[in-house]
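Quick note on numbering: the sequence shown equals residues 4 to 376 in my numbering.
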Amino acid sequence: MKELKPIDHQSKTNQETDRPDTNDATESHQQQFEEPRANFSIIKTVFGILIVISVGASVCGNSQFASIAYRDYNFTSTSLANWLAGSTFMINYPIIVSCMMCFGHRRHHEIYREGMLVCGKDGFTVRAAMQRMMTLAILTSTATYSYYYALTLTSSTDVTAVFSSATGFVYILSILWLKEPFVFLRLLAVLLSIGGVFLVAYSDGLGSFKVFGVLLAVASAICSAIFRVLSKKFIVNPSLAQMAMMLSLIGFFNMILLWIPTLILHLLGIEVISASSFPWPFFLMVFFHVLYNLLLCSAITMTYPIYASLGPVIAIPMNAAIDASLRQENFNVFKILGTMTLIISFLILTIPVPTIVAFSAKIQSIVLSRRRH
């Protein structure tokens with residue numbers, strides 16, 4: 004979009020009204036256009052910072068209350084938690100669309116038509132919904148189940164730290180599927196994330212049950228990365244209505260599909276559902292899961308993209324503080340180094356590609372100039 008030029012606007016007004024153009028009028032119009040843009044960027048930044056803290060707190064709350072349910076209340080039905088958490092995706096569209104209609108003054112029919120483009124350029128069709136949304140639903144349910152089950156084997160800090168490696172897998176898959184440019188600095192970040200996962204696994208003792216928790220967290224990160232890349236391949240730069248519609252359709256398929264493995268595991272006696280399967284932390288776990296998805300959906304479309312990515316990183320020190328103070332978790336040197344390595348690699352991967360390319364070109368020019376001298 005081209006930037007508005009107050010001088011051109013003023014000259015056009017002068018031609019229509021036959022009034023002379025003055026410097027004072029030009030300056031007043033410049034302030035009229037520049038001040039709202041400056042205020043908007045400040046508001047957008049403040050909103051983004053609040054989103055980062057809120058997303059981090061929701062991820063932390065989801066992980067911590069899941070751990071409480073597993074450890075303190077003998078909660079065992081991970082498939083039930085997965086089904087309920089996946090089904091709550093459906094509320095994204097009604098809540099977000101209601102806000103858009105109230106504050107954005109848009110009609111529902113217009114929002115609905117825009118949202119249904121997630122199924123394809125022809126809108127909603129059963130075939131497109133089955134091919135796209137069901138695939139994404141399977142990926143999200145697998146990622147969520149692996150994430151929750153990992154919490155039964157290792158700490159919340161380990162799971163959230165290892166799950167942050169999903170950004171590295173996103174970059175690898177984006178090169179293969181989306182033909183994104185290869186950047187050496189990002190490759191270095193991917194290698195750092197792999198090293199960080201190994202250090203966290205090594206700190207828990209290779210061969211222990213905690214290592215299986217780390218591996219499940221890696222599986223969750225891979226499924227999450229595939230979900231992100233596929234959703235980006237299906238629709239580039241989705242609007243808020245399209246994000247809400249996509250998540251709600253995914254929630255619908257989760258609701259009609261995930262009760263089947265839940266029932267099978269119950270009948271086999273592997274994950275038995277009883278009255279004790281619904282402790283109070285279970286409902287708070289689901290609440291923070293819903294809050295995280297709503298915040299993430301809003302952040303991606305309403306603020307700078309980097310803010311949507313930084314939230315899960317903030318959850319790592321939050322979980323570490325809670326695990327150390329309330330659960331007396333021990334953090335040895337390898338775990339601390341692994342966690343810090345994962346955070347650094349995550350932050351590198353959130354830097355936009357043009358910024359990295361410009362920085363690399365600047366470094367190369369400096370090196371070449373020194374060699375010449």
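Using N, Cα and C, we set each Cβ at its ideal position, and we do this for glycine too.
Could you compute how far the alpha carbon of residue i sits from the alpha carbon of residue j?
{"i": "C105", "j": "G89", "result": "27 Å"}
{"i": "S227", "j": "F185", "result": "21 Å"}
{"i": "A60", "j": "I319", "result": "10 Å"}
{"i": "A1", "j": "M288", "result": "Because the chain here runs from 4 to 376, residue 1 falls outside it and cannot be looked at."}
{"i": "R375", "j": "I366", "result": "15 Å"}
{"i": "A132", "j": "A327", "result": "45 Å"}
{"i": "F255", "j": "R330", "result": "37 Å"}
{"i": "Q34", "j": "H108", "result": "Because the pLDDT at Q34 is just 44, under 50, the model does not fix this residue reliably, and the value given afterwards should be weighed accordingly. Q34 and H108: Cα-Cα distance of roughly 27 Å."}
{"i": "R135", "j": "N85", "result": "20 Å"}
{"i": "Y148", "j": "A220", "result": "10 Å"}
{"i": "V370", "j": "I346", "result": "29 Å"}
{"i": "I359", "j": "L271", "result": "52 Å"}
{"i": "I325", "j": "S158", "result": "10 Å"}
{"i": "I71", "j": "H112", "result": "43 Å"}
{"i": "S101", "j": "G341", "result": "43 Å"}
{"i": "I54", "j": "L313", "result": "9 Å"}
{"i": "L87", "j": "S144", "result": "10 Å"}
{"i": "V214", "j": "Y76", "result": "23 Å"}
{"i": "L266", "j": "F50", "result": "42 Å"}
{"i": "S223", "j": "M258", "result": "20 Å"}
{"i": "A169", "j": "S234", "result": "15 Å"}
For residue i versus residue j, is the C-beta spacing smaller than 8 Å?
{"i": "E117", "j": "S242", "result": "yes"}
{"i": "S279", "j": "M93", "result": "no"}
{"i": "L195", "j": "T48", "result": "no"}
{"i": "A140", "j": "L260", "result": "yes"}
{"i": "L191", "j": "S363", "result": "no"}
{"i": "V203", "j": "Y174", "result": "no"}
{"i": "W180", "j": "V121", "result": "no"}
{"i": "I276", "j": "L83", "result": "yes"}
{"i": "G171", "j": "L352", "result": "yes"}
{"i": "F337", "j": "S206", "result": "yes"}
{"i": "L176", "j": "I114", "result": "no"}
{"i": "T160", "j": "N322", "result": "yes"}
{"i": "E274", "j": "T155", "result": "no"}
{"i": "F1", "j": "Y151", "result": "Any answer about residue 1 is impossible in this case: the structure gives the chain only from 4 up to 376."}
Three-state secondary structure (DSSP) at residue i?
{"i": "L176", "result": "helix"}
{"i": "K338", "result": "helix"}
{"i": "V360", "result": "helix"}
{"i": "P97", "result": "helix"}
{"i": "R373", "result": "helix"}
{"i": "H269", "result": "helix"}
{"i": "Q33", "result": "Reliability fails at Q33, whose pLDDT of 43 lies under 50, so the model's placement of it is uncertain and no value is given."}
{"i": "K365", "result": "helix"}
{"i": "V275", "result": "coil"}
{"i": "I46", "result": "helix"}
{"i": "I354", "result": "coil"}
{"i": "G64", "result": "helix"}
{"i": "N257", "result": "helix"}
{"i": "H292", "result": "helix"}
{"i": "Q331", "result": "coil"}
{"i": "T79", "result": "coil"}
{"i": "P184", "result": "coil"}
Out of the options, point me to the one whose CA is closest to residue i's CA.
{"i": "G126", "options": "L313, A228, V200 and Q245", "result": "Q245"}
{"i": "G199", "options": "I339, R374 and V62", "result": "I339"}
{"i": "N296", "options": "P315, Y205 and M258", "result": "P315"}
{"i": "S57", "options": "V336, W86, V293 and K182", "result": "V293"}
{"i": "F237", "options": "Q367, I354, K124 and H112", "result": "K124"}
{"i": "C63", "options": "F290, I347 and M249", "result": "F290"}
{"i": "S66", "options": "P284, I346 and V360", "result": "P284"}
{"i": "N95", "options": "A164, I253 and I273", "result": "I253"}
{"i": "P355", "options": "F215, F50, E183 and S206", "result": "E183"}
{"i": "P282", "options": "R110, Y73, I52 and P357", "result": "Y73"}
{"i": "S301", "options": "M248, F286, I263 and A69", "result": "M248"}
{"i": "P264", "options": "L218, T81 and S368", "result": "T81"}
Between residue i and chain C, is there a C-beta pair that is closer than 8 Å?
{"i": "S168", "result": "The structure shown contains no chain C; it holds only a single protein chain."}
So does residue i have its beta carbon nearer than 7 Å to some heavy atom of the ligand COA?
{"i": "C102", "result": "With respect to the ligand COA, the structure offers nothing, as it holds no ligand at all."}
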